[in-house]
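Participant: Take a look at the following structure, please.
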Amino acid sequence: MADRLAGKVALITGAARGQGAAEARLFVAEGATVVVTDVLDDDGAALVADIGEGAHYRHLDVTQELEWQAAIDHIRATFGHLDVLVNNAGIGIPGTIIDTSLADYRRVIEINQVGTFLGMHVGAPLLRDSGGGSIINVSSMMGFVGGPARVAYTASKFAIRGMTKVGAIELGPMGIRVNSIHPGAIETDFIRAETRHLLPVDKLPLQRIGTPDDVAKLALFLASDDAAYSTGSEFIVDGGWLSTTAL
Ligand SMILES: NC(=O)c1ccc[n+]([C@@H]2O[C@H](COP(=O)([O-])OP(=O)(O)OC[C@H]3O[C@@H](n4cnc5c(N)ncnc54)[C@H](O)[C@@H]3O)[C@@H](O)[C@H]2O)c1
5 MADRLAGKVA LITGAARGQG AAEARLFVAE GATVVVTDVL DDDGAALVAD
55 IGEGAHYRHL DVTQELEWQA AIDHIRATFG HLDVLVNNAG IGIPGTIIDT
105 SLADYRRVIE INQVGTFLGM HVGAPLLRDS GGGSIINVSS MMGFVGGPAR
155 VAYTASKFAI RGMTKVGAIE LGPMGIRVNS IHPGAIETDF IRAETRHLLP
205 VDKLPLQRIG TPDDVAKLAL FLASDDAAYS TGSEFIVDGG WLSTTAL
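Residue 74 in our numbering is what sits at position 70 of the sequence shown, and the numbering runs on without skipping anything.
Set out below in structure tokens:
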């Protein structure tokens, strides 16, 4: 047990599994109190039971403003402050521009993009009243380049990168840092089993898929006071994917 987040309260969205779950484990191990939120209530409850003291579960569909308000009100009443907000929840629905239905496009935008906006919109006042803190918005390497047959996903992740800049500008004077994380291919349920073998792992500079812990360690840095002078910035954790034209 270390103490890089001692005394801090964090809310992580989409944290019942995958990268968010790894962040919850690591943040608690580093001394934080973590409110794990998701729509997968059974998985979320099982995770916090496994992590033990310091982890709490709460249902939060990131597309629902009233659920956001209830979660933030609950944290204010229960813990008195919020220091770290990780807007991690996200989905991908593959589809080309021609094939993607409007309903699918809107669903991806609603969860990834609107969900991140709502997190900052509703959560920032409590971070401000807590004396400042850190917001971490999970984008993707597709926040820099287009993904083939990923029109909605790419659009949503570019938007997250953009709204992170606005957050940094507007919230910096309140002591709130806002940064984006850009994972490459990370080993979670997000990568469908049937397409995993198509990933060009051998062409990646680091020759492997990333792990949820690779991302969690970056999130830990940004959540901690070690990142005190970083805001409005893009933090890539992709094994070198974006650095090469070989892919
Ligand atoms: N795995 C990758 O290769 C990869 C790469 C780049 C970016 N990302 C991003 O990382 C983030 C985490 O993904 P992951 O890899 O852990 O995948 P994951 O599918 O394991 O986790 C995503 C979580 O978001 C939750 N979620 C979905 N809709 C929600 C909603 N409306 N409200 C609240 N929670 C909701 C899911 O239930 C799930 O627990 C996502 O934003 C994803 O876009 C993933």
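C-beta: ideal position from N, C-alpha, C; glycine also.
Does the beta-carbon distance from Ser184 to Arg165 come in below 8 angstroms?
Facilitator: Taking 8 angstroms as the Cβ cut-off, Ser184 and Arg165 qualify as a contacting pair.
Participant: State the start and end residues of the unbroken alpha helix (DSSP H) segment that holds Pro187.
Facilitator: Premise fails: Pro187 lies in the beta strand (DSSP E), Ile180 to Pro187, not in any alpha helix (DSSP H).
Participant: Measuring alpha carbon to alpha carbon, tell me which of Ile113, Ala128, Leu51 and Gly243 ends up nearest Glu174.
Facilitator: Per the Cα distances, Ala128.
Participant: Identify the residues that DSSP records as bridge partners of Tyr61: which are they?
Facilitator: For Tyr61, which the question treats as bridged, DSSP gives the partners Val40.
Participant: How do the stretch 234 to 248 and the stretch 200 to 214 stand: do at least 3 beta-carbon pairs fall below 8 angstroms, yes or no?
Facilitator: Cβ pair count under 8 angstroms is three or more, so yes.
Participant: Pull up the CB-CB distance for Ile55 and Val32, whole angstroms please, since I reckon it's below 8 angstroms.
Facilitator: 5 angstroms between Cβ atoms; contact.
Participant: In terms of DSSP beta bridges, what is Phe239 paired with?
Facilitator: Paired residues: Ile185.
Participant: Evaluate the contact criterion for the stretch 69 to 78 versus the stretch 111 to 129: three or more CB pairs, one atom per stretch, below 8 angstroms.
Facilitator: With a cut-off of 8 angstroms, the stretch 111 to 129 and the stretch 69 to 78 count as touching, because enough Cβ pairs lie within range.
Participant: Let me check one thing: in DSSP terms, what residues is Gly170 bridge-paired to?
Facilitator: Per the sequence shown, residue 170 should be read as Val rather than Gly. Paired residue(s): none; Val170 is not in a bridge.
Participant: So Lys161 packs on Ser143, CB below 8 angstroms; how close in whole Å?
Facilitator: Rounded, the Cβ-Cβ distance is 5 angstroms, consistent with contact.
Participant: Looking at ligand 1, does it come within less than 7 angstroms of Pro152, judged from the CB to the closest heavy atom?
Facilitator: Not so, every heavy atom of ligand 1 lies at least 7 angstroms from the Cβ.
Participant: My output table needs one value for Asn92: the three-state DSSP class, helix, strand or coil.
Facilitator: Coil, per DSSP.
Participant: Check whether the stretch 7 to 25 touches the stretch 79 to 95, counting contact only when three or more Cβ pairs, one atom from each stretch, lie closer than 8 angstroms.
Facilitator: Because the criterion of three Cβ pairs below 8 angstroms is met, the stretch 7 to 25 and the stretch 79 to 95 touch.
Participant: Give the DSSP bridge partners of Ser160, in chain order.
Facilitator: Answer by DSSP bridge pairing: none, since Ser160 is not bridged.
Participant: Using the rule of at least 16 other Cβ atoms within 10 Å of the residue's Cβ for burial, across every protein chain shown, is Ile102 buried or exposed?
Facilitator: So Ile102 ends up on the exposed side.
Participant: Using alpha carbons as the reference points, say which of Ile190, Ala220 and Leu224 lies closest to Leu208.
Facilitator: Nearest of Ile190, Ala220 and Leu224 to Leu208, Cα basis: Ile190.
Participant: At a cut-off of 7 angstroms, is Ile79 close to ligand 1 when judged by its beta-carbon and the heavy atoms of the ligand?
Facilitator: No, the beta carbon of Ile79 sits no closer than 7 angstroms to any heavy atom of ligand 1.
Participant: By Cβ distance, which residues of its chain are closer than 7 angstroms to Arg154, with the 5 residues on each side in sequence left out?
Facilitator: Excluding positions up to five away in sequence, the list reads Gly96, Pro98 and Met146.
Participant: Consider the C-beta atom of Leu222 and the heavy atoms of ligand 1; say whether any pair is separated by less than 7 angstroms.
Facilitator: No, the Cβ of Leu222 stays beyond 7 angstroms of every heavy atom of ligand 1.
Participant: Can you list, in chain order, the residues of its chain whose CB lies under 6 angstroms from that of Arg8, leaving out five sequence neighbours each side?
Facilitator: If we look at Arg8 and ignore the five residues flanking it on each side, its Cβ neighbours are Glu34 and Ser228.
Participant: Locate the alpha helix (DSSP H) running through Ile102, then write down its first and last residues.
Facilitator: No alpha helix (DSSP H) contains Ile102, which DSSP labels as neither H nor E.
Participant: Need the endpoints of the beta strand (DSSP E) that Gly137 sits in, please.
Facilitator: Element bounds for Gly137: Gly137 to Val142.
Participant: Answer yes or no: the CB of Pro209 versus the heavy atoms of ligand 1, is any distance below 7 angstroms?
Facilitator: Outside the cutoff, so no.
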